[in-house]
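At position 16 of the sequence shown the residue is numbered 143 (this note's numbering), and the sequence of numbers has no breaks. Note that the Cβ used here is the ideal one computed from N, Cα and C, for glycine as well. Remember, predicted model here, so these are calculated numbers, not experimental data.
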Amino acid sequence: MREDDMNKELEKIHEKLDFLTEQVMITRRRQEELQELKEDLTPVVSDLFQTAVQELDDVSVYFSYEDLLFLVKKLLRNTRTLIGLFEQLESVNDFVNDVMPLTKDMFDATLEKMDELEKKGVFKLLKEGEGMADKALMAYTSGDLEAPEKISLFRLLRELNQPEVKRTLYVLFSVLKTLGSQPTNQSIKNKGVKP
Numbered sequence: 128m129r130e131d132d133m134n135k136e137l138e139k140i141h142e143k144l145d146f147l148t149e150q151v152m153i154t155r156r157r158q159e160e161l162q163e164l165k166e167d168l169t170p171v172v173s174d175l176f177q178t179a180v181q182e183l184d185d186v187s188v189y190f191s192y193e194d195l196l197f198l199v200k201k202l203l204r205n206t207r208t209l210i211g212l213f214e215q216l217e218s219v220n221d222f223v224n225d226v227m228p229l230t231k232d233m234f235d236a237t238l239e240k241m242d243e244l245e246k247k248g249v250f251k252l253l254k255e256g257e258g259m260a261d262k263a264l265m266a267y268t269s270g271d272l273e274a275p276e277k278i279s280l281f282r283l284l285r286e287l288n289q290p291e292v293k294r295t296l297y298v299l300f301s302v303l304k305t306l307g308s309q310p311t312n313q314s315i316k317n318k319g320v321k322p
């Protein structure tokens, strides 16, 4: 039995030795992979470091390491504030995304209404009204607009024969006629005013 026990012990030792050999092989493969990675990354990291040194050297006149340290401390102190600011920016972005379709619809409706008003001649009329107001302002000074103390009926009738007065009255009556041809307002009817 002793020999049998020894064979079993030897078998166990062989199994353990095989396991250890396998572990050594795995460890060696990992070391080789890490060495390859190190060899691959060394030139990249070196180049990156050299580029960073050159770039920092370009701004060294305007920048010191104390400034960087101060900036990092400031960022760390104000982390919550920055997070709040980013959340507000996200809210503003969401708001803009929600409002854009509405403003587009409003803009389109405004353009349609302005086009309709232009086709009706409202803008042309406003432009002409502006021109008339400019002419009136240029023609009269503040003293000219004050009515004389005594105005006789004959003087008014004489003024009515002036071509400028006739044109002005014609325009005024045309506007009044147009306003009078509009449908009557319900609130005016309720007050008992006849059109």
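Pairing phenylalanine 213 with asparagine 220, the inter-Cα distance amounts to about 10 Å.
The C-alpha of leucine 209 lies about 25 Å from the C-alpha of tyrosine 189.
In the DSSP assignment, glycine 258 falls within the unbroken alpha helix (DSSP H) covering 249-266.
Between the alpha carbons of leucine 164 and phenylalanine 146 lies a distance of about 27 Å. Membership of valine 298 in the alpha helix (DSSP H) is indicated by the continuous run 290-307. When DSSP states are grouped into helix, strand and coil, asparagine 205 belongs to the coil group.
Per DSSP, reduced to three states, the secondary structure at valine 186 is coil, with no helix or strand assignment.
The three-state reading of DSSP puts lysine 143 in helix, counting H, G and I together. Assignment of lysine 135 by DSSP, reduced to helix, strand and coil, places it in the helix class. Secondary structure of isoleucine 278 (DSSP, three-state): coil.
If you draw a straight line from the Cα of arginine 282 to the Cα of phenylalanine 234, it is about 54 Å long.
Annotated three-state conformation of serine 191 is coil, per DSSP.
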